[in-house]
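A.B. asks:
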Amino acid sequence: MAEAKAIDGRSMVRRRAGLRLWLSAGWLGLLCIAALLAPWIAPKDPLAQDLFLGRMPPVWVMGAEPGYWLGTDSLGRDVLSRIIHGARIALMVALIAGTITCVIGATLGLLAGFLRGWVDLVISRLIDIWMAFPPVLFSILLIAVLGPGLWSIIIAIVVIDWTRFARVVRAEAMAQGAMDYVASARVAGRGRLGTMLREILPNVLPTIVVLLTLEMGIAVIVEAILSFVNLSISTDQPTWGGMISEGRASVHQAWWVLVFPLITLFLTVLSFSQLGEGLKDRFDPVLR
Amino acid sequence: MADLYQIEDLRLSLADMTAKPLFGAAPRLEILKGLSFTIPKGAVVGIVGGSGSGKSTLGRALVRLLEPSGGAIRFDGTDITHLPEPALRPLRRRMQMIFQDPMSSLNPRHRVGTIIAEPLRLHGFDAIPDRVARALDHVGLPQSFAARYPHELSGGQRQRVGIARAIALEPDFILADEIVSGLDVSSQAQVLNLLERLVAELGLTLAFISHDLSVIRRLCQRTIVLYRGEIVEDRPTADLFADPQAAYTRELLDAIPLPDPAQAWA
Ligand SMILES: Nc1ncnc2c1ncn2[C@@H]1O[C@H](COP(=O)(O)OP(=O)(O)OP(=O)(O)O)[C@@H](O)[C@H]1O
Ligand SMILES: [Mg+2]
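Which chain is which? The protein sequence lines are S and P, in order.
Going by our numbering, the letters in the first sequence line up with residues 191 to 478, in that order.
Going by our numbering, the letters in the second sequence line up with residues 21 to 286, in that order.
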């Protein structure tokens, strides 16, 4: 069948290996395991203080105490164990806040962008008004009202960041809605809701995934910042932001208390942002 | 022969957003200004006219992607002029459309197989995989293409998918809006041959919109010439070419590169 061969000329383009997907997914996977198994794999009790073991350096530095791999803070608590336990809060905030923000924002954006008319008018006005509040003040105010705690942080993130999703998804849905395949779905007899979910949504989904992973990274940062200013979880639970804030005070005597949580935070946020792009490269049929 | 479409004094106006005053409603822009014609069952009718003459608007009104602001459209005896979408849905299977730009009219994130199967599913067809296979066969695409995405096809192949999607529903009427204008000359010829064959084989009624009279001449028994939202001629194509009545038709004919060598040398 020479004809079929000729017509088949555009053979499958090889997919790129996607190094960044594997690196970022690998780091986040590792972190998830650490968070889930924290009580069993953390070498020490993250809250146990021992004033005789204060500010011990990491094991490869002279004068280290064996068993404390990344050293101890000024109260003698094990830095590695605290980082591992801190991953629990960080990931919980990232997953829960990211997902809720995404679902609320993307749904409103999709409805506004696809249905247009008065639905768009209402949602767009809401976004405009919302964005007029300065976000940092808004979050501090919210936490002050709600009181510190995991759920306060999550609610603050959702309340502030849903507009990010709504705006982008609305614009994207609007652009997609003008394409002929939407008119074509109508000619085929598809209803409005079906068109939105089966035709528009798959085309907006790559954008949503990228936004979602970015938002998870942002959530980790927000949690750290709030811990840093002491507005986060109660102090008896280790958090990365809390560690950074404590480490800052003694950075000249014990740099490791600041640096290791900071590196962990940095790698995590970077991984989240790379994960979205990597997933898009790997799974979006149009880019493949 | 019975008429599939009866169009009476069809008027359509759209809001002109560019001229919208800061407050108050936008003025209405009259695009179709009282068109009357019929399309008999089994006919192949060409609709020509310059850019902006209202061809696409007329086409979209025929398949009720647009709602007319006046007059009447009857499809096989049913008045569909202002029929709401739910009431229109069962009729939609019978009136299909092939779009100008197949890249935009095929969902880039659905596979070709899904693109053809989905309308069938919506209208409750049985044996859908068989029907998809047959539709691909009809338009001369190998079965393996069902697993491809639109961007993995060439322009001509994409347009064939658009045709396959339309004919799979076994419609009575197909509207083809400038379906070859985005293709190179050899794909144009292939797609036109294909359409010609399918119309004969399946007994379709076809409205073929084009600004290219040489294409119309080949395909259509009858031609409607639109000029600024009005019909200036509606006659058998052969007559139209032999003896154009309206000055505008003559202009269009002159615009064809060498339509008739003898005439060009004269
Ligand atoms: N949404 C719209 N709002 C206002 N005016 C419109 C709209 N769509 C089309 N028009 C106007 O209606 C007229 C007819 O447009 P239409 O698309 O039907 O022309 P056409 O004959 O298909 O032209 P072409 O050959 O370029 O495709 C044009 O003058 C155009 O500017
Ligand atoms: Mg047009």
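Ideal Cβ positions, reconstructed from N, Cα and C, are used throughout, including at glycine.
Source: prediction; values computed, not measured.
List the endpoints of the continuous alpha helix (DSSP H) containing P:S76.
C.D. replies: 75–82
A.B. asks: Excluding the 5 residues preceding and the 5 following P:G202 in the sequence, name in chain order all residues of the same chain whose CB lies nearer than 7 Å to its CB.
C.D. replies: Q120, D121, G175
A.B. asks: What does the alpha-carbon distance come out to for the pair S:M191 and P:I100?
C.D. replies: The predicted position of S:M191 is uncertain, since its pLDDT is 36 and thus under 50; a value taken from the coordinates is nonetheless stated next. Whole-angstrom Cα-Cα distance: 47 Å.
A.B. asks: Which class does P:T101 belong to by DSSP, given the choice of helix, strand or coil?
C.D. replies: coil
A.B. asks: For the stretch 428–442 of chain S and the stretch 346–364 of chain S, state whether three or more C-beta atom pairs, one from each stretch, are separated by less than 8 Å.
C.D. replies: Verdict: no, contact absent.
A.B. asks: Once DSSP output is grouped into helix, strand and coil, what is the label at P:I251?
C.D. replies: strand
A.B. asks: What residues from chain S crowd round P:R109, counting only those whose CB sits closer than 7 Å?
C.D. replies: G379
A.B. asks: Would you say P:K13 touches ligand 2, meaning its beta carbon is less than 7 Å from a heavy atom?
C.D. replies: Here chain P covers residues 21 to 286 and nothing more, so residue 13 of chain P does not appear.
A.B. asks: Please compile the residues from chain P whose C-beta is within a distance smaller than 9 Å of the C-beta of S:S314.
C.D. replies: Here the premise fails: no neighbours, minimum Cβ distance about 17 Å.
A.B. asks: From the DSSP output, in three-state form, read off P:A92 for me.
C.D. replies: Strand, per DSSP.
A.B. asks: Check distances from the C-beta atoms of the stretch 358–379 of chain S to those of chain P and list, in chain order, the residues that come in under 7 Å.
C.D. replies: M369, D370, Y371, A373, S374, R376, V377, A378, G379
A.B. asks: I'd like to know whether the C-beta of S:E389 is nearer than 8 Å to at least one C-beta of chain P.
C.D. replies: Judged by the 8 Å Cβ criterion, S:E389 is in contact with chain P.
A.B. asks: Hey, S:S264 and S:G288: beta-carbon distance below 8 Å or not?
C.D. replies: no
A.B. asks: Verify the CB distance criterion: does P:S230 have a CB-CB separation below 8 Å to chain S?
C.D. replies: No, no contact with chain S.
A.B. asks: Between the stretch 420–441 of chain S and chain P, which residues of the former have a C-beta closer than 8 Å to a C-beta of the latter?
C.D. replies: Per Cβ criterion, the list is empty.
A.B. asks: Closest Cβ-Cβ distance between P:R154 and chain S: below 8 Å?
C.D. replies: no
A.B. asks: Should the stretch 76–86 of chain P be regarded as contacting the stretch 368–382 of chain S, the criterion being three or more beta carbon pairs within less than 8 Å?
C.D. replies: yes
A.B. asks: Would S:V476 count as contacting chain P if we go by Cβ distances under 8 Å?
C.D. replies: yes
A.B. asks: Which residues in chain P sit within 8 Å of S:P392, going by Cβ to Cβ distance?
C.D. replies: N127, R129, H130
A.B. asks: Check the Cβ of P:L142 against every Cβ in chain S and list those closer than 7 Å, keeping chain order.
C.D. replies: A378, G379, R380
A.B. asks: If you measure from the beta carbon of S:R200 to each beta carbon in chain P, is any gap under 8 Å?
C.D. replies: Low per-residue confidence applies at S:R200: pLDDT is 41, beneath 50, and the placement is therefore not dependable, though the value from the model is reported in the following sentence. Closer than 8 Å: yes.
A.B. asks: Enumerate in chain order the residues of its own chain whose CB-to-CB distance from P:Q265 is below 7 Å, with the five nearest sequence positions on each side excluded.
C.D. replies: Result list for P:Q265: E253, in chain order.
A.B. asks: Taking 8 Å as the cut-off, does the stretch 40–54 of chain P touch the stretch 223–235 of chain P (at least 3 CB pairs, one atom from each stretch)?
C.D. replies: no
A.B. asks: Would the stretch 246–261 of chain S count as touching the stretch 404–412 of chain S if we require 3 or more Cβ pairs under 8 Å?
C.D. replies: no
A.B. asks: Apart from the five residues just before and just after P:V211, which ones in its own chain have a Cβ nearer than 8 Å to its Cβ?
C.D. replies: G176, Q179, R180, I183, I199, V200, L203
A.B. asks: Any heavy atom of ligand 1 inside 7 Å of the beta-carbon of P:S307?
C.D. replies: Residue 307 of chain P is absent from the model: chain P starts at 21 and stops at 286.
A.B. asks: Tell me whether the beta-carbon of S:V269 lies closer than 8 Å to the beta-carbon of S:G276.
C.D. replies: no
A.B. asks: How long is the line joining the alpha carbons of S:R472 and S:R210, rounded to whole angstroms?
C.D. replies: S:R472 and S:R210 have their C-alpha atoms roughly 10 Å apart.
A.B. asks: Is any beta-carbon of chain S found at less than 8 Å from that of P:R124?
C.D. replies: As written in the sequence, residue 124 of chain P is Ser, which differs from the Arg given in the question. The beta-carbon of P:S124 is placed less than 8 Å from the nearest beta-carbon of chain S.
A.B. asks: Spell out the partners DSSP gives P:E28 in its beta bridges.
C.D. replies: P:A92
A.B. asks: Using the DSSP secondary-structure output, state which residues sit across from P:M115 in a beta bridge.
C.D. replies: Per DSSP, P:F193.
A.B. asks: Can you find at least 3 beta carbon pairs, one from the stretch 147–159 of chain P and one from the stretch 390–399 of chain S, that sit closer than 8 Å?
C.D. replies: no
A.B. asks: Any beta carbon from chain S within less than 8 Å of P:P139's own beta carbon?
C.D. replies: A Cβ of chain S is located within less than 8 Å of the beta carbon of P:P139.
A.B. asks: How close, in whole Å, do the beta carbons of S:A228 and S:R267 come, if the pair is a contact with beta carbons under 8 Å?
C.D. replies: Contact doesn't hold; Cβ gap of about 14 Å is too wide.
A.B. asks: Between the alpha carbons of P:E294 and P:L103, how many angstroms are there, rounded?
C.D. replies: Since the first residue of chain P shown is 21 and the last is 286, residue 294 of chain P is not available in this structure.
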